[in-house]
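Trainee: The numbering used here applies: residue 41 is where the sequence shown begins, and numbers increase by one.
Ideal Cβ positions, reconstructed from N, Cα and C, are used throughout, including at glycine.
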Amino acid sequence: MAGIEGTLSLAEGGLVGGPAAIGWRLALVRDWGFSGQIFDAMWAQGYFPAEHLLRFITYPFIHLSFTHALIAIVLMLALGKMAAEVMGQLAMLALFFVSGIGGALAYALLLNDPVWLVGAYPSVYGLIGGYSFVLWRKQADTGGPQWQAFSLIALLMGLQLIWSLFASVGNGWVAELAGFFCGFLLSFVCAPGAWARILSRLRPR
Numbered sequence: 041m042a043g044i045e046g047t048l049s050l051a052e053g054g055l056v057g058g059p060a061a062i063g064w065r066l067a068l069v070r071d072w073g074f075s076g077q078i079f080d081a082m083w084a085q086g087y088f089p090a091e092h093l094l095r096f097i098t099y100p101f102i103h104l105s106f107t108h109a110l111i112a113i114v115l116m117l118a119l120g121k122m123a124a125e126v127m128g129q130l131a132m133l134a135l136f137f138v139s140g141i142g143g144a145l146a147y148a149l150l151l152n153d154p155v156w157l158v159g160a161y162p163s164v165y166g167l168i169g170g171y172s173f174v175l176w177r178k179q180a181d182t183g184g185p186q187w188q189a190f191s192l193i194a195l196l197m198g199l200q201l202i203w204s205l206f207a208s209v210g211n212g213w214v215a216e217l218a219g220f221f222c223g224f225l226l227s228f229v230c231a232p233g234a235w236a237r238i239l240s241r242l243r244p245r
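1) Using the Cα positions of Gly140 and Leu225, report the straight-line distance between them to the nearest angstrom.
2) For Met82, I'd like the list of residues in its chain whose CB is within less than 7 Å of its CB, leaving aside the five on either flank, ordered along the chain.
3) For the alpha helix (DSSP H) holding Leu151, just list the boundary residues, first then last.
4) With H, G and I counted as helix, E and B as strand and the rest as coil, what does DSSP make of Phe74?
5) Could you pull out every unbroken alpha helix (DSSP H) segment of at least 4 residues lying fully inside the stretch 120-203, listed in chain order?
6) Kindly indicate which residue of Leu135, Ala61, Ala51, Asp153 has the alpha-carbon position closest to the one of Phe74.
7) Counting beta carbon pairs with one atom in the stretch 174-187 and one in the stretch 201-208, are three or more of them shorter than 8 Å?
8) Give a yes or no on contact between the stretch 158-176 and the stretch 188-198, applying the rule of three or more CB pairs nearer than 8 Å.
9) Which class does Ile102 belong to by DSSP, given the choice of helix, strand or coil?
10) Have a look at Ala42, Gly43, Trp64 and flag the residue whose alpha-carbon is nearest the alpha-carbon of Glu52.
11) Out of Phe101, Ala90, Asp71, Leu68, state which residue places its alpha-carbon closest to the alpha-carbon of Gly43.
12) Per the contact definition of three or more C-beta pairs closer than 8 Å, is the stretch 105-116 in contact with the stretch 141-148?
13) Ile62 lies in the alpha helix (DSSP H); which residues open and close that run?
14) Going by beta carbon distance, what residues of the same chain come within less than 7 Å of Val209, once the five residues before and after it are set aside?
15) Of the residues Cys222, Gly76, Ser49, which one's Cα is nearest the Cα of His108?
16) Taking the alpha helix (DSSP H) that Val209 falls in, what are its first and last residues?
17) Where does the unbroken alpha helix (DSSP H) through Leu48 begin, and where does it stop?
18) Which of the three DSSP states, helix, strand or coil, is assigned to Phe96?
19) In whole angstroms, what is the alpha-carbon distance linking Ala231 and Ala118?
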């Protein structure tokens with residue numbers, strides 16, 4: 041993610057690629073970003089070519105600007121480190137990619153937005169879902185108020201609502217919120233001891 045953004049920033053600064061490099065970012069969005077309209081066309085035809093299905097896992101690596109990428113990378117490093125330490129590296133990768141896929145599906149199925157979806161934010165919100173799950177389970181084990189586990193997602197959604205009063209924020213929040221729920225639900229399986237808890241509840245008493 042950082043490598044892609046670094047190359048694009050150098051290209052836009054005229055340091056690599058020559059004059060044609062100015063259009064590299066738009067070309068990446070077109071070739072690797074996620075389009076709800078393309079998904080709708082695939083769904084209507086019942087034909088799902090691999091080149092377009094691949095967009096579900098490539099769109100998080102493309103951003104609209106340096107700042108757009110920087111914030112996503114910082115959040116991913118912080119939350120990904122937490123998820124990897126608590127759940128393991130494979131679980132962290134599962135949270136990242138499954139949440140990104142779930143966010144894109146929600147964006148396509150719930151909206152009819154021609155704007156292309158790019159950026160790691162739905163995947164990052166999936167990591168926030170994993171973080172919230174860890175806090176939620178900790179609060180349950182210690183008898184604390186479980187609603188506090190969702191304070192971070194509530195804060196972020198509140199900030200988006202406030203920001204929307206001053207500028208157009210688009211519909212990306214739908215994918216981000218869906219990514220959060222995907223990450224939270226997936227944590228029931230990925231979190232340490234989760235399978236043991238599920239099996240113990242399924243066993244007859």
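Mentor: The structure says:
1) Walking along the sequence shown from the start, residue 140 turns up at place 100. Walking along the sequence shown from the start, residue 225 turns up at place 185. Rounded to the nearest angstrom, the two C-alpha atoms are 14 Å apart.
2) Looking up residue 82 in the sequence shown gives position 42. Same-chain partners within the cutoff: Phe88, His92.
3) Locating residue 151 in the sequence shown gives position 111, where the first residue counts as 1. Note, Leu151: premise wrong, no alpha helix (DSSP H); not H, not E.
4) Here residue 74 refers to the residue found at position 34 of the sequence shown. Strand.
5) Listed in chain order, they are 129-150, 161-182.
6) Locating residue 74 in the sequence shown gives position 34, where the first residue counts as 1. Nearest option by C-alpha distance: Asp153.
7) The stretch 201-208 vs the stretch 174-187: no contact.
8) When Cβ pairs closer than 8 Å are counted between the two stretches, the stretch 158-176 is seen to touch the stretch 188-198, the count reaching three or more.
9) Within the sequence shown, numbered from 1, the residue matching residue 102 stands at position 62. Three-state DSSP puts Ile102 in coil, outside helix and strand.
10) Residue mapping note: residue 52 aligns to position 12 of the sequence shown, counting from 1. Checked all of Ala42, Gly43, Trp64; the closest Cα to Glu52 is Trp64.
11) One-based indexing of the sequence shown puts residue 43 at position 3. For the set Phe101, Ala90, Asp71, Leu68, the Cα lying nearest the Cα of Gly43 is the one of Phe101.
12) They do not touch, by the three-pair rule.
13) Here residue 62 corresponds to residue number 22 of the sequence shown, with the count starting at 1. No alpha helix (DSSP H) holds Ile62; DSSP gives it neither H nor E.
14) Position 169 of the sequence shown, counted from the first residue, corresponds to residue 209. Closer than 7 Å at Cβ, skipping near neighbours: Gln200, Trp203.
15) Indexing the sequence shown from 1 puts residue 108 at position 68. Of the listed residues, the one whose Cα sits closest to His108 is Ser49.
16) Along the sequence shown, read from residue 1 onward, the residue named residue 209 stands at position 169. Bounds of any alpha helix (DSSP H) do not take in Val209, whose DSSP letter is neither H nor E.
17) The residue given as residue 48 occupies position 8 in the sequence shown. 42-52 is the extent of the alpha helix (DSSP H) around Leu48.
18) The residue labelled residue 96 in the question sits at position 56 within the sequence shown. Reduced to three states, the DSSP call for Phe96 is helix.
19) Working through the sequence shown from its first residue, we reach residue 231 at position 191. Working through the sequence shown from its first residue, we reach residue 118 at position 78. Cα atoms of Ala231 and Ala118: separation of roughly 18 Å, rounded to the nearest angstrom.
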